[in-house]
Amino acid sequence: MEGRLISMRIPVNKVIRWSVFFVGLMIFSLGITMTINVQHLGIHPWDVLNVAMFEKVGLSIGSWAIIISGLLIAISWILDKRYIKLGTFFNAILIGVFVDVYMWLDFLPQASQTWVDIVLILVGIVIMGIGGGIYNAAGVGSGPRDGFMLSISDKTRLSVSWVRIITESLVLIIGLLLGGPVFVVTFIFTFIQSPIFQVTYEKFKGILEKLETNYNQKRAVS
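First residue of the sequence shown? That's 92 in the numbering used here, and the numbers climb one at a time after it.
Set out below in structure tokens:
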């Protein structure tokens with residue numbers, strides 16, 4: 092009976108977590124696309140690089156997101172495999188795919204060069220924070236950027252926050268030199284997104300743990 096109970100728990104718990112993970116990726120990618128549509132106000136440093144590579148080399152913005160994420164995964168794999176899980180690979184591929192699909196569908200508001208653009212980019216940042224919190228709460232693998240920064244932090248013994256600051260500053264400089272869209276919002280992006288991410292992450296992590304506990308209790312009774 093106990094063995095049968097355990098075998099029933101695992102698939103359901105995984106289905107819940109993976110479903111939340113994919114929904115979070117879709118929401119996060121939606122936010123990215125919204126900010127890219129009003130990029131003249133400035134976008135996240137990593138997206139500055141993706142847009143710059145798209146404009147200089149070609150392909151698509153989503154394709155460059157995938158390529159750069161793949162490179163970060165390769166480096167993290169060499170430095171510390173602990174931070175690389177199946178979800179990391181899905182993250183690397185699907186965010187780029189979703190961004191390209193959203194841009195191809197072309198249903199999101201475009202830049203109007205008015206105060207409305209400020210509202211749009213703020214909403215996009217909020218959506219990114221919510222989506223990032225949701226997919227990270229699923230606990231199926233760190234994103235390529237997060238895994239990269241964690242592995243660098245372990246090797247250099249610098250704090251994660253310092254590694255993030257240094258890494259994103261270097262990425263921003265490269266993107267800027269390549270002609271990427273850097274403006275005011277670029278420099279306040281993280282300060283807006285991070286608190287929303289944190290609140291969402293903790294909220295959904297608690298919800299998932301509660302759902303799993305309730306399910307396991309019901310299975311144990313039955």
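Beta carbons: idealized from backbone N, C-alpha and C, even for Gly.
Residue j beta carbon less than 8 Å from that of residue i
| i | j | result |
| --- | --- | --- |
| Gly187 | Ser154 | yes |
| Thr126 | Ile134 | yes |
| Leu267 | Asn182 | no |
| Ile225 | Phe280 | no |
| Thr277 | Val139 | yes |
| Leu132 | Val262 | no |
| Ser160 | Pro235 | yes |
| Thr291 | Ile221 | yes |
| Gly270 | Glu146 | yes |
| Leu185 | Val129 | no |
| Val233 | Thr179 | The residue asked about is misnamed: residue 233 is Ser in this sequence, not Val. Contact flag set, yes. |
| Phe239 | Ile287 | no |
| Asn104 | Glu303 | yes |
Assigned secondary structure, residue i (DSSP; H/G/I helix, E/B strand, else coil)
| i | result |
| --- | --- |
| Arg248 | coil |
| Trp270 | Note on residue identity: the sequence assigns Gly, not Trp, to residue 270. DSSP places Gly270 in coil when its eight states are reduced to three. |
| Trp168 | helix |
| Ala202 | coil |
| Ser151 | coil |
| His135 | coil |
| Met176 | The question names Met, but residue 176 in the sequence shown is Lys. If DSSP states are grouped into helix, strand and coil, Lys176 belongs with coil. |
| Leu197 | Note that residue 197 is Asp in the sequence shown, not Leu. Asp197 falls in the coil class under three-state DSSP. |
| Ile97 | Residue placement at Ile97 cannot be trusted, given a pLDDT of 43 that sits under 50; the coordinates are not used to answer. |
| Val111 | helix |
| Lys296 | helix |
| Val129 | coil |
| Lys301 | helix |
Test: residue i CB closer than 8 Å to a CB of chain D
| i | result |
| --- | --- |
| Asn104 | The question asks about chain D, but that chain is absent: this structure has only one protein chain. |
Spatially closest choice to residue i from the options, by CA coordinates
| i | options | result |
| --- | --- | --- |
| Leu163 | Phe278, Asp237 and Phe282 | Asp237 |
| Ser110 | Ser285, Ala228 and Phe274 | Ala228 |
| Ser151 | Trp195, Ile169 and Val129 | Trp195 |
| Leu170 | Thr258, Asp245 and Gln204 | Asp245 |
| Ser285 | Val254, Thr247 and Ile218 | Ile218 |
Environment of residue i [buried if 16+ CB atoms lie within 10 Å]
| i | result |
| --- | --- |
| Val231 | buried |
| Ser297 | Contrary to the premise, residue 297 reads as Gly rather than Ser in this sequence. Result: exposed. |
| Asp197 | exposed |
| Arg173 | exposed |
| Gln201 | exposed |
| Ser242 | buried |
| Phe112 | buried |
| Ala143 | buried |
| Trp137 | buried |
| Ile256 | exposed |
| Ile209 | exposed |
| Can you list the alpha helix (DSSP H) stretches of 4 or more residues lying completely in the stretch 212-267, in chain order? | You should have 235-247.
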